[in-house]
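The next block holds one structure in the form of structure tokens; read it before the comments.
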Amino acid sequence: MGGSGLVVRDLSVGYGPVRALRRVSLEVPERAVVTVLGGNGAGKSTLLRAISRTLSFHGGAVTEGGVTLGGRRLDRLPPDRVVAAGVSQVPEGRRVFARMTVADNLRAGALGGDRSGRAAALGRVHELFPVLAERAGQRAGLLSGGEQQMLAVARALMAAPKVLLLDEPSLGLAPLMAERIADTVREINTQGTSVLLVEQNAALALRLATRAYVLEVGEVTLSGPAAELAASDEVRRRYLGVVDEDAAADAEQTAATRRTLTRWKG
Ligand SMILES: Nc1ncnc2c1ncn2[C@@H]1O[C@H](COP(=O)(O)OP(=O)(O)OP(=O)(O)O)[C@@H](O)[C@H]1O
Ligand SMILES: [Mg+2]
30 MGGSGLVVRD LSVGYGPVRA LRRVSLEVPE RAVVTVLGGN GAGKSTLLRA ISRTLSFHGG
90 AVTEGGVTLG GRRLDRLPPD RVVAAGVSQV PEGRRVFARM TVADNLRAGA LGGDRSGRAA
150 ALGRVHELFP VLAERAGQRA GLLSGGEQQM LAVARALMAA PKVLLLDEPS LGLAPLMAER
210 IADTVREINT QGTSVLLVEQ NAALALRLAT RAYVLEVGEV TLSGPAAELA ASDEVRRRYL
270 GVVDEDAAAD AEQTAATRRT LTRWKG
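In our numbering, the protein residues as written are 30 to 295.
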């Protein structure tokens, strides 16, 4: 399996008798943002768990295929060694240690390493998320949903990963907060980390990514440059909520009228 980035080749996964992924292949080149779109139950989280080697915590197992990073196999390593190899996951549902302080949550994300390395990582996440420096001594459970998502991302960054796996970071966040998370993903990527972003919010994901894959019932059904997918009728209809051109035009018209009415009222 070649490729200098993260390469997933012919990966199949089962949870007992349930087949969740069937021969999924994808690639996250170095310094790229790649997105995987798909509805509920498509297998998005399963894919990330298979890469981070956390499937067994959920009763799942890889039945065929493999994962490499820079040509090195990850698919026989325990989860902590995957992190050490350069792949950190932000799991679904922004799990933070609610009773621990923000600072201790971040400390938990720093995997070994020397003191100066940890200090540099902490400086970097505080720069990305100043609110986490302000709230360092506060219990994580008291943060807002958006701030908890920032903490979950920051914790993953404490391991200074080459590849960040993000599982639906915008889920349940208000549009403005989702935009802030998107800006942060862009910034993290600019600083040299590649990102595999799993999203139901296709509009947001396709804006961030250069390449996209569509996962349906455990199989990749479509892939290509993000801009091309964003323009395809199928993706527009199924993932961007565009019913058809006329309906879309009507909706726009209605929205425009409403905007005008609102202005008049003011
Ligand atoms: N722990 C588990 N045990 C058994 N089956 C599971 C488990 N987790 C997921 N599945 C099944 O595997 C399939 C893929 O689920 P997965 O959670 O990966 O989907 P998803 O794309 O992340 O969905 P969502 O958008 O709802 O998060 C589904 O059919 C789901 O029911
Ligand atoms: Mg999921």
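Glycine included, each C-beta is placed from N, C-alpha and C at the ideal position.
Comparing the CB of G268 with every heavy atom of ligand 1, is any distance shorter than 6 Å? Here the question's residue 268 lines up with position 239 in the sequence shown. Checking the sequence, you will find Tyr at residue 268 rather than Gly. The answer is no for Y268.
Please say whether L244 and G67 have beta carbons closer to each other than 7 Å? Taking the first residue of the sequence shown as 1, we reach residue 67 at position 38. Taking the first residue of the sequence shown as 1, we reach residue 244 at position 215. Here G67 is near L244, since their CB atoms are less than 7 Å apart.
Using only alpha-carbon positions, find the residue among L225, P204 and R267 that is nearest to V116. One-based indexing of the sequence shown puts residue 116 at position 87. Ranking the options by Cα distance to V116, first place goes to L225.
Buried or exposed, going by whether 16 or more other CB atoms sit within 10 Å of the CB of E93? The residue you call residue 93 lines up with position 64 of the sequence shown. Per the 10 Å Cβ criterion, exposed.
Leaving aside the five residues before and after V192 along the sequence, list all residues of the same chain whose C-beta is less than 8 Å from its C-beta, in chain order. The residue you call residue 192 lines up with position 163 of the sequence shown. Taking V192 as the centre and dropping the five residues before and after it, the same chain places the C-beta of G34, L35, V57, L98, G115, V116, S117, T222, S223, V224 and L225 closer than 8 Å to its C-beta, in chain order.
Quick one: using the 10 Å Cβ neighbour count with 16 as the cut-off for buried, is P46 buried or exposed? Your numbering for residue 46 matches position 17 in the sequence shown. The residue in question, P46, is exposed, as its Cβ has fewer than 16 Cβ neighbours within 10 Å.
Can the beta-carbon of A127 be found closer than 7 Å to that of G100? Indexing the sequence shown from 1 puts residue 127 at position 98. Indexing the sequence shown from 1 puts residue 100 at position 71. Contact flag unset, no.
Just to confirm, is the Cβ distance from L77 to L180 under 7 Å? Here residue 77 refers to the residue found at position 48 when the sequence shown is read from its first residue. Here residue 180 refers to the residue found at position 151 when the sequence shown is read from its first residue. Their beta carbons are not under 7 Å apart, which means L77 does not touch L180 by this criterion.
Terminal residues of the alpha helix (DSSP H) in which V246 lies: Here the question's residue 246 lines up with position 217 in the sequence shown. Per DSSP, V246 is not a residue of any alpha helix (DSSP H), being assigned neither H nor E.
Heavy atom of ligand 2 less than 6 Å from the Cβ of S199, yes or no? By 1-based counting over the sequence shown, the position of residue 199 is 170. No; taking the cut-off as 6 Å, the Cβ of S199 has no heavy atom of ligand 2 nearer than that.
DSSP state of M30, grouped into three classes? Mapped onto the sequence shown, residue 30 falls at position 1. Per-residue confidence for M30 stands at a pLDDT of 47, beneath the threshold of 50, marking its modelled position as unreliable; the derived number appears in the next sentence. Correct three-state label for M30: coil.
Report yes if the C-beta distance between Q167 and V131 is below 7 Å; otherwise report no. Along the sequence shown, one-based indexing puts residue 167 at 138. Along the sequence shown, one-based indexing puts residue 131 at 102. A Cβ-Cβ contact shorter than 7 Å links Q167 with V131.
Among residues of its own chain, excluding the 5 on either side of A185, which ones have a beta-carbon nearer than 7 Å to its beta-carbon? Here residue 185 is taken as the residue at index 156 of the sequence shown, counted from 1. Excluding positions up to five away in sequence, the list reads S117, Q118, V119, G138 and L193.
Sorted by chain position, which residues of the same chain lie with C-beta nearer than 6 Å to M187's C-beta, five sequence neighbours on each side aside? By one-based count along the sequence shown, residue 187 stands at place 158. Here the set comprises L135, G138, A139 and A150.
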